[in-house]
């Protein structure tokens, strides 16, 4: 049994945590605690990645804040923070639209976890960094353009 | 076995601010080794879970687009000083790592 | 014929730009003291960028661009290269063959001393860098010297060791004729055009400090030497002389060997330009 299954089974004191993980596309409902969502993470287009997560037509929302640089001086480490002010946020997915595989991370929140994720991502090109938030069973989205430049330390 | 990850967990009001730094090369599988010219195989963390006093607060999947030595910051309301934070990760080869810290 | 004239114009322009410093390519007779030279540099930059505070020069290009500064701060809060520094700490704390530790070789156990290097060793008659001192410690205690250009050994060790001097003010001294000769040699390297692109260090970091070269802002010379080594992109360790090496290559010049006289004298001169500024080792660089 892989560690994730063991931990989720051990820690899921309520159906809530598992349900949230399933809804977020982390665990496929058809298989008992299936492995990693390959379909979504290996998808090469935004459309396919969203499909893989079971997301369709997310509504644009001004209640999602993406903090990321205007110009990322090194595409290997781009700091990104996503904050959702939408009540009942249960998951946040982060995409870098022009990456070869746009889906970068998918985070399912439970217990007292706030709708806040901070991470560092790789970006190959200037692109929109997009967040898709699930709240109350509905999907919402916002995006911010991050320019990626070459060079650094003068070269 | 990978090098240990580092966890910093501090209270800010009634919210625990948790920062995790994992040690992992996060290879995409698309990079060529400079010396051999061969593709370096994909090697990346896929599953991450975090619990506080045993209760899950975060379940995440990472893709290859997460930076090397992944950084993850999240916040948990209702946590208290002394609560135990445990973070686990598993990568695409099944390699795993776990670390814990008490919220200060 | 035209090529020569253009070259002359370029050199003349450089001299004119330097004239404000009063140290144009060795024009200052009777060797100005390092502190006089530093003051001239500071004056020039202050004229060009009156809003940048002297304290902020240690941030180099970041001082000119808040978006970059924010990225640096975000990453430095919990740097991805912490475990590389931990590796360096293990190296530092491991006893050498003789049973002694590195800390035994240095004053104050190696703490708050990096700002004194490079220094001129009168007995040896040459500039000694911190890496040279580390190697002297190694060979005196039964170990082989590290290659100063090897990031896995010397680079990693100094990535930790230099953090023991965080906060120390750079304190380079050049006293006496031999030390001044080495200092002047470093200064000459700094101001000499080199390579196919025919640029001097000064061309970018004096004449064009604050301007963009491609997408990057060029940092001023004052404040540069305090923040090495760096981790480029968060994981690629680069020491100061490794960076000099890169600069030589970028102007398409053949770099002199790291740890050799030219590079050591250059580091001696270049570091003195940051005298009085606080050091911080092992930082993120883009």
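Chains as they are written, first to last, in my numbering: chain S, 21 to 175; chain R, -7 to 96; chain V, -5 to 280.
In this text, a Cβ means the ideal position worked out from N, Cα and C, and glycines have one as well.
Selected residue, minimal CA-CA separation from residue i, among the options
i, options, result
"residue 51(R)", "162(S), 108(S), 152(S) and 56(S)", "56(S)"
"residue 81(S)", "166(S), 120(S), 162(S) and 89(S)", "162(S)"
"residue 167(S)", "223(V), 235(V), 209(V) and 54(V)", "209(V)"
"residue 153(V)", "276(V), 27(V), 168(V) and 280(V)", "276(V)"
"residue 95(R)", "22(R), 17(R) and 73(R)", "73(R)"
"residue 101(V)", "83(V), 76(V), 131(V) and 72(V)", "131(V)"
"residue 116(V)", "62(V), 175(V) and 104(V)", "175(V)"
"residue 45(R)", "8(R), -2(R), 27(R) and 63(R)", "8(R)"
"residue 40(S)", "130(S), 62(S), 134(S) and 66(S)", "130(S)"
"residue 234(V)", "111(V), 103(V), 73(V) and 26(V)", "111(V)"
"residue 93(S)", "145(S), 136(S) and 103(S)", "145(S)"
"residue 205(V)", "29(V), 26(V), 39(V) and 27(V)", "39(V)"
"residue 63(R)", "69(S), 118(S) and 96(S)", "96(S)"
"residue 78(R)", "66(R), 85(R), 84(R) and 86(R)", "66(R)"
"residue 51(V)", "243(V), 278(V), 247(V) and 218(V)", "218(V)"
DSSP-derived helix/strand/coil call for residue i
i, result
"residue 55(V)", "helix"
"residue 144(V)", "coil"
"residue 111(V)", "coil"
"residue 88(V)", "coil"
"residue 63(R)", "strand"
"residue 132(V)", "helix"
"residue 137(V)", "coil"
"residue 120(V)", "strand"
"residue 110(S)", "strand"
"residue 3(R)", "strand"
"residue 15(R)", "coil"
"residue 75(V)", "coil"
"residue 151(S)", "strand"
"residue 237(V)", "helix"
"residue 123(S)", "strand"
"residue 56(S)", "coil"
"residue 83(R)", "strand"
"residue 68(V)", "helix"
"residue 95(R)", "coil"
"residue 145(S)", "coil"
"residue 56(R)", "coil"
"residue -5(V)", "For residue -5(V), the predicted structure reports a pLDDT of 47, less than 50, and the residue's modelled location is therefore unreliable. The matter cannot be settled from this model."
"residue 212(V)", "coil"
"residue 197(V)", "helix"
"residue 8(R)", "strand"
"residue 71(S)", "helix"
"residue 38(R)", "strand"
Residues of its chain near residue i, where Cβ-Cβ distance is below 8 Å and the 5 sequence neighbours each way are ignored
i, result
"residue 35(V)", "15, 200, 214, 215, 216 and 267"
"residue 163(V)", "109, 269, 270, 271, 272 and 273"
"residue 19(R)", "32, 33, 34, 35, 36 and 56"
"residue 89(V)", "95"
"residue 73(S)", "44, 45, 57, 60, 113, 123, 126 and 152"
Residues near residue i by beta carbon distance below 6 Å, same chain, minus five either side
i, result
"residue 21(V)", "Note that residue 21(V) scores a pLDDT of 38, beneath 50, so its modelled location is shaky and nothing firm can be said."
"residue 157(V)", "275 and 276"
"residue 155(S)", "106, 108 and 109"
"residue 195(V)", "184"
"residue -2(R)", "13"
"residue 85(V)", "151"
"residue 101(S)", "87 and 138"
Cut-off 7 Å between Cβ atoms - residues of its own chain near residue i, not counting five sequence neighbours on either side
i, result
"residue 239(V)", "249 and 252"
"residue 53(R)", "38 and 39"
"residue 170(S)", "none"
"residue 61(R)", "13, 14, 15 and 16"
"residue 74(V)", "228 and 229"
"residue 281(V)", "This structure cannot speak to residue 281(V), because chain V is shown only from -5 to 280."
One or two residues paired with residue i in a DSSP bridge
i, result
"residue 225(V)", "231(V) and 278(V)"
"residue 38(V)", "According to DSSP, which records beta bridges pairwise, residue 38(V) is partnered with nothing at all."
"residue 263(V)", "DSSP output for residue 263(V) lists no bridge partner at all."
"residue 159(S)", "154(S)"
"residue 92(S)", "168(S)"
"residue -5(R)", "According to DSSP, which records beta bridges pairwise, residue -5(R) is partnered with nothing at all."
"residue 138(S)", "101(S) and 65(R)"
Contact test: residue i Cβ vs the ligand ADP heavy atom, cutoff 7 Å
i, result
"residue 268(V)", "In the structure shown, the ligand ADP is absent, as is every other ligand, since no ligand is present at all."
Taking Cβ-Cβ distances below 8 Å as the criterion, which residues of the stretch 218 to 240 of chain V are in contact with chain B?
The structure shown contains no chain B; its protein chains are S, R and V.
Contact residues within the stretch 76 to 89 of chain V, judged by C-beta distance below 7 Å to chain R
76 and 77
Anything in the stretch 56 to 71 of chain R with a Cβ closer than 9 Å to a Cβ of chain S? List those residues in chain order, please.
56, 57, 58, 59, 60, 61, 62, 63, 64, 65, 66, 67, 68, 69, 70 and 71
If you measure beta-carbon to beta-carbon, which residues of the stretch 90 to 103 of chain S are closer than 9 Å to chain V?
90, 91, 92, 93, 94, 95, 96, 97, 98, 99 and 101
Using a Cβ cut-off of 7 Å, which residues of the stretch 37 to 54 of chain V contact any Cβ in chain S, in chain order?
none
Selection of the stretch 5 to 16 of chain R by Cβ proximity to chain V, strictly under 7 Å:
11, 13 and 15
Along the stretch 57 to 76 of chain V, what residues have a CB closer than 8 Å to any CB found in chain S?
61, 62, 64, 65, 68, 69 and 74
Where the stretch 122 to 146 of chain S meets chain R: residues whose CB sits under 7 Å from a CB there:
123, 124, 125, 126, 127, 128, 129, 130, 131, 132, 133, 134, 136, 137, 138, 139, 140, 141 and 142
If contact means a Cβ-Cβ distance below 9 Å, which residues of the stretch 21 to 49 of chain R contact chain S?
22, 38, 39, 40, 41, 42, 43, 44, 46, 47, 48 and 49
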